[in-house]
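When the letters of the sequence shown are read in order and numbered with my numbering, they come out as residues 196 to 500.
Backbone N, C-alpha and C fix where the C-beta goes; we use that ideal spot for every residue, glycine too.
First the structure, in the form of structure tokens, and then the observations on it.
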Amino acid sequence: SSSFFIMKRCIYIFRMAVFEAVLAGGILVGNISGSYLFYATNYVWVFTISTGLCGLGLLYTIFFIPESVQNPETQGKIRGFFDISNLGDMVKTTFKRREYFIRSIILLNLLILTIHIFIMNGDGSIMFLYLREKFDWTLTKFTLFNSATSVVWIIGTMGGTYILHKLCNIKEAALILVGLISTTAGSLLQGFGKADWYLYTAGGVRCLGGVISPMSRSLISKLIPDDEIGKIFSMIMASEFLIGLGASPLYTAIYNGTINSDPAFFNYLSAGLFAVNMILTVTIIILQQINPIRYSELNSEDQES
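Below you can see the structure in the form of structure tokens.
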């Protein structure tokens, strides 16, 4: 049963990395086709097609993904979705007291992932405006740049997960820190950039940023029972969504306020927030060192796998 548990965890970590890579792949396809579709049609058709694809994803989720949790008190997925007790259970599970600083590590990971998605949403919302203003880029040129960085992101995510975590046995928290150093350096390069090659170099430097999310989720999954993973991950997704809503307006306001003085200022904001995440990650590493016995058991499981 122990070997089965270890194998299950390894498969889960790999799936998280694949999910991150597939997400980047979807962005890649969208970037490549988006500008050409816009020039061939108009905004209405672009958003109509986007809405249709979202609808297909929703239908696939409803009809082809089985329900993992069977709740006898509810009937059907719709009723369960609006059950307020699920929200309370989700919050209670996330914040309940645990030994070995596990609750603190879970909450720190939640904060790291929330800040991370905030940066990604905010940065992405004004990147084209920044490149058009400072470097006179066209939409087609921006599309090619986004496509190139997406490919690098996919390679970095898969390679970082398999080579650094699986083969080199680098722990999750340490790998999260590596990913944050990668993204911080990329944001600074992007801000200091004076020519196109700076931007492509920044995209390459940020290649390991894709390991942050799967490694954070992997670390959480090792610390809690299987029946609590879904609840805590739901809490993470809710936090990412709610905080992410404010990213675009805030970054846009900052960009509009600094466009005449320094349009690259938002890159320094991103680098600063990534640095905050680095501090949170170092805190996780320190908490793990305070109770080395518990975490050495988790690491030995990885080595056996």
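With burial defined as no fewer than 16 other Cβ atoms inside 10 Å of the residue's Cβ, what is the status of residue 477: buried or exposed?
-> Here residue 477 refers to the residue found at position 282 of the sequence shown. Looking at its Cβ environment, which holds fewer than 16 other Cβ atoms inside 10 Å, residue 477 is exposed.
Are there 16 or more other CB atoms within 10 angstroms of the CB of residue 308, so buried, or fewer, so exposed?
-> Translated into positions along the sequence shown, residue 308 becomes position 113. Answer is buried; the Cβ neighbour count reaches 16.
Separation of residue 315 from residue 267, as counted between CA atoms | Position 72 of the sequence shown, counted from the start, is the residue given in the question as residue 267. Position 120 of the sequence shown, counted from the start, is the residue given in the question as residue 315. Low local confidence applies: a pLDDT of 47 at residue 267 is under 50, so the model's placement there is unreliable, with the coordinate-based value given in what follows. So the two alpha carbons sit approximately 39 Å from each other.
Please classify residue 412: does DSSP put it in a helix, a strand, or coil?
-> What you label residue 412 is simply residue 217 of the sequence shown in a count that begins at 1. Residue 412 falls in the helix class under three-state DSSP.
Does DSSP put residue 352 in a helix, a strand or coil?
-> Counted from its first residue, the sequence shown places residue 352 at position 157. Correct three-state label for residue 352: helix.
Apart from the five residues just before and just after residue 394, which ones in its own chain have a Cβ nearer than 7 Å to its Cβ?
-> Here residue 394 corresponds to residue number 199 of the sequence shown, with the count starting at 1. Once the five neighbours on either side are set aside, the close Cβ partners of residue 394 are 340, 385 and 388.
Residue span of the alpha helix (DSSP H) that contains residue 164, given as start and end | Since the first and last residues shown for the chain are 196 and 500, residue 164 lies out of range.
Taking 8 Å as the threshold, find out whether the segment 394-407 comes into contact with the segment 440-458 through three or more Cβ pairs.
-> no
Give the straight-line distance between the Cα atoms of residue 416 and residue 234, rounded to the nearest whole angstrom.
-> In the sequence shown, residue 416 corresponds to position 221, counting from 1. In the sequence shown, residue 234 corresponds to position 39, counting from 1. Straight-line Cα distance between these residues: approximately 45 Å.
Environment of residue 412 [buried if 16+ CB atoms lie within 10 Å] | One-based indexing of the sequence shown puts residue 412 at position 217. Under this definition residue 412 is a buried residue.
Extent of the continuous alpha helix (DSSP H) run through residue 444 | In the sequence shown, residue 444 corresponds to position 249, counting from 1. Here the alpha helix (DSSP H) through residue 444 covers 442-453.
So residue 362 is in the alpha helix (DSSP H); what residue range does that whole segment cover?
-> Looking up residue 362 in the sequence shown gives position 167. Here residue 362 belongs to no alpha helix (DSSP H), and DSSP marks it neither H nor E.
Inter-residue Cα distance where the pair is residue 362 and residue 356 = Taking the sequence shown and counting its residues from 1, one reaches residue 362 at position 167. Taking the sequence shown and counting its residues from 1, one reaches residue 356 at position 161. Rounded to the nearest angstrom, the two C-alpha atoms are 9 Å apart.
To which residues of the same chain is residue 288 closer than 7 Å at the C-beta, ignoring the five residues directly before and after it?
-> Counted from its first residue, the sequence shown places residue 288 at position 93. These residues qualify, in order along the chain: 423, 426 and 427.
Simplified DSSP state of residue 284, which is helix, strand or coil = Translated into the one-based positions of the sequence shown, residue 284 becomes position 89. If DSSP states are grouped into helix, strand and coil, residue 284 belongs with the helices.
Secondary structure of residue 389, DSSP reduced to three states = For the purposes of this step, residue 389 is identified with residue 194 of the sequence shown, where counting begins at 1. The answer is coil: DSSP assigns residue 389 none of H, G, I, E or B.
Alpha-carbon spacing of residue 213 relative to residue 366, whole angstroms | Residue 213 sits at position 18 when you count from the first residue of the sequence shown. Residue 366 sits at position 171 when you count from the first residue of the sequence shown. Near 19 Å, if we compare the C-alpha coordinates of residue 366 and residue 213.
Between the C-alpha atoms of residue 303 and residue 405, what's the straight-line distance to the nearest angstrom?
-> Numbered from its first residue, the sequence shown carries residue 303 at position 108. Numbered from its first residue, the sequence shown carries residue 405 at position 210. Going by the C-alpha atoms only, they are around 18 Å apart.
Over what stretch of residues does the alpha helix (DSSP H) that includes residue 406 continue unbroken?
-> Taking the sequence shown and counting its residues from 1, one reaches residue 406 at position 211. From DSSP, residue 406 is part of no alpha helix (DSSP H); its letter is neither H nor E.
So, is residue 457 buried or exposed, given that buried needs 16 or more other C-beta atoms within 10 angstroms?
-> Stepping through the sequence shown from its first residue, residue 457 is reached at position 262. By the 10 Å Cβ count, residue 457 comes out exposed.
Is residue 480 closer than 8 Å to residue 368 when the C-beta atoms are compared?
-> Working through the sequence shown from its first residue, we reach residue 368 at position 173. Working through the sequence shown from its first residue, we reach residue 480 at position 285. Yes; because the gap between Cβ atoms is below 8 Å, this pair is in contact.
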